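To start, the structure itself, in structure tokens.
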Amino acid sequence: MVRFINSAKRLEEANVKFEKSEEEMMFNVGFKEGVMVMAPLTIEDRTESFLRSLIAYEQYFQHNFVTDYVKFLDCIIDSSKDVEILSRRGIIENWLGDENEVAEMVNKLSESVSGPGKDFVYANMFEDVNKHCGRRWNRWMANLRKNYFYNPWTIISVLVALVLLLLTFTQTVFTILHVV
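In terms of the working numbering, the sequence shown opens at residue 8 and continues consecutively.
Here it is, written out as structure tokens:
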């Protein structure tokens with residue numbers, strides 16, 4: 008059984024980076040070493056009807072490529088924040104204007120699609136993403152970023168504290184060496 012992946016916001020918090028693929032193939036998605044590479048997707052007024060037509064066509068011929076892609080989009084897009092993250096990376100080009108409209112469109116589109124079948128196209132990628140997010144180091148880094156390094160000033164203050172600690176340690180070593 009396929010275990011779904013989290014939204015783009017949660018994946019980014021778990022140390023997953025998003026990059027735009029150079030290929031223009033719409034369904035081209037990959038994940039390697041903490042980087043999810045996605046082909047650019049333009050969301051406009053007719054995108055929903057276009058995807059619905061492709062899904063209907065697929066159901067007639069019993070394929071699931073577009074259906075699986077829509078399920079993938081539904082996993083990574085839950086809210087306007089997810090759309091904002093993907094837009095910032097150049098993956099989603101939002102012609103609707105409002106990120107919330109894109110999130111609603113994707114979530115509404117996936118309601119009419121059945122769950123992934125036994126030949127889910129992105130099953131291996133989902134497994135790799137879940138393994139990456141489940142690693143202790145990535146969870147720690149996500150927790151550290153979320154709770155402590157959410158502000159540039161906190162990062163600067165930690166760096167200054169480390170420099171002061173290093174200078175204090177150096178001064179202590181030289182004092183001991185001078186006495187001995």
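The C-beta atom is built at its ideal place from N, Cα and C for all residues, glycine as well.
If you're wondering where the values come from, they're calculated on a predicted model, not measured in any experiment.
At the 8 Å Cβ level, is residue i part of the contact set with chain D, yes or no?
i, result
"TRP102", "No chain D is present in this structure, which holds just one protein chain."
Please report how far the alpha carbon of residue i lies from the alpha carbon of residue j, in whole angstroms.
i, j, result
"VAL170", "GLN178", "12 Å"
"GLU106", "ARG10", "26 Å"
"SER164", "HIS139", "30 Å"
"THR161", "ALA149", "15 Å"
"LYS125", "ASN158", "44 Å"
"LYS27", "VAL90", "14 Å"
"PHE79", "PHE181", "59 Å"
"ALA46", "PHE68", "25 Å"
"MET8", "LEU172", "50 Å"
"GLU29", "ALA110", "24 Å"
"GLU108", "TYR155", "32 Å"
"VAL44", "VAL36", "6 Å"
"GLY97", "SER87", "15 Å"
Are the CB atoms of residue j and residue i within a distance shorter than 8 Å?
i, j, result
"VAL42", "LYS24", "yes"
"MET132", "PHE38", "yes"
"LYS115", "GLU20", "no"
"LEU184", "ILE83", "no"
"SER117", "ASP85", "no"
Ordered along the chain, which non-local residues of its own chain (more than five positions away) have a Cβ less than 7 Å from that of residue i?
i, result
"ASN137", "ARG10, ILE12"
"ASP75", "PRO123, PHE127, VAL128, TYR129"
"ASN145", "ALA21, ASN22, HIS139"
Per DSSP, what are the beta-bridge partners of residue i in this structure?
i, result
"MET43", "PHE25, PHE38"
"SER49", "Position check: residue 49 holds Thr in this sequence, whereas Ser was assumed. THR49 pairs with GLU100."
Cutting at 8 Å between CB atoms, please list the residues of its own chain near residue i, excluding the five before and the five after it.
i, result
"MET112", "ILE50, THR54, GLU55, LEU103"
"ILE62", "VAL73, THR74, VAL77, SER119, VAL120"
"GLN66", "THR74"
Excluding sequence positions up to five away, which residues of its chain have a Cβ less than 6 Å from the Cβ of residue i?
i, result
"LEU93", "ALA15, ILE99"
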